[in-house]
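Undergrad: Input: one structure, supplied below.
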Amino acid sequence: MHKDKLFLSIVAVAIVLVALAGITGKKPRVAETGPVPCLLPNIPLAQHLHAMLQIVINGVPATLPKDIGISASCEHALHTHDTTGTLHVEAQDTRAYTLGDFFEVWGKPLVTANFVSITVNGRPATGDPKKLVLEDKQQIVVSYKTPDKK
Ligand SMILES: [Zn+2]
């Protein structure tokens with residue numbers, strides 16, 4: 226009898242813990258597809274984060290241009306302000322933006338015949354590089370090698 230009660234309380238505690246985990250568990254951010262919007266006036270930002278992008282060609286770091294995604298008529302939710310490699314995600318929606326979205330805004334292909342590898346925070350990234358969700362303080366390195374280099 227006593228043992229049964231103890232068993233029931235353990236089961237009850239387990240159920241509560243599982244339920245709590247379900248509520249508080251962080252859902253992975255799933256990227257939607259579609260054009261990256263321009264920022265609209267007078268609407269607060271729903272997210273503002275910065276990732277660092279380093280492009281390396283034949284082992285040599287390349288400078289990322291400033292003002293990618295910014296024109297007289299549109300400041301895209303993904304943009305650069307300077308040549309430090311800082312990618313700004315400043316969006317009025319909560320959608321997850323990807324590295325592919327950034328290259329789309331830039332107007333450059335991410336995966337080319339010269340593409341070698343991508344690392345995130347020093348570790349090789351697996352899967353489609355275009356679907357890499359941009360996160361705050363992420364360090365992204367994309368490497369390319371031109372065919373004449375070995
Ligand atoms: Zn910013």
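Numbering of the sequence shown is given in this note's numbering, commencing with residue 226 and proceeding in unit increments.
Heads up, the beta-carbon is just placed ideally off N, CA and C, and yes, glycines get one too.
Can H301 be considered in contact with ligand 1, in the sense that its beta carbon sits closer than 8 Å to one or more heavy atoms?
TA: In the sequence shown, counting from the first residue as 1, residue 301 sits at position 76. Checking every heavy atom of ligand 1 against the Cβ of H301, none is found closer than 8 Å.
Undergrad: Under 8 Å from any heavy atom of ligand 1, does the C-beta of E360 make it?
TA: Within the sequence shown, residue 360 is the residue found at index 135, counting from 1. Incorrect: E360 has no Cβ contact closer than 8 Å to ligand 1.
Undergrad: Which residue comes first and which comes last in the alpha helix (DSSP H) that contains L359?
TA: Looking up residue 359 in the sequence shown gives position 134. Unbroken run through L359: none, as it is neither H nor E.
Undergrad: If we count the other Cβ atoms within 10 Å of its Cβ and call it buried at 16 or more, is G325 buried or exposed?
TA: Locating residue 325 in the sequence shown gives position 100, counting from the first residue. Buried, because 16 or more other Cβ atoms sit within 10 Å of the Cβ of G325.
Undergrad: Between T337, H304, V238, which has its C-alpha nearest W331's C-alpha?
TA: Walking along the sequence shown from the start, residue 331 turns up at place 106. Cα-wise, what sits closest to W331 is H304.
Undergrad: State yes or no: is the C-beta of E329 nearer than 8 Å to some heavy atom of ligand 1?
TA: As a first step, residue 329 is located in the sequence shown; it is residue number 104 there, counting from the start. E329 Cβ: outside cutoff for every heavy atom of ligand 1.
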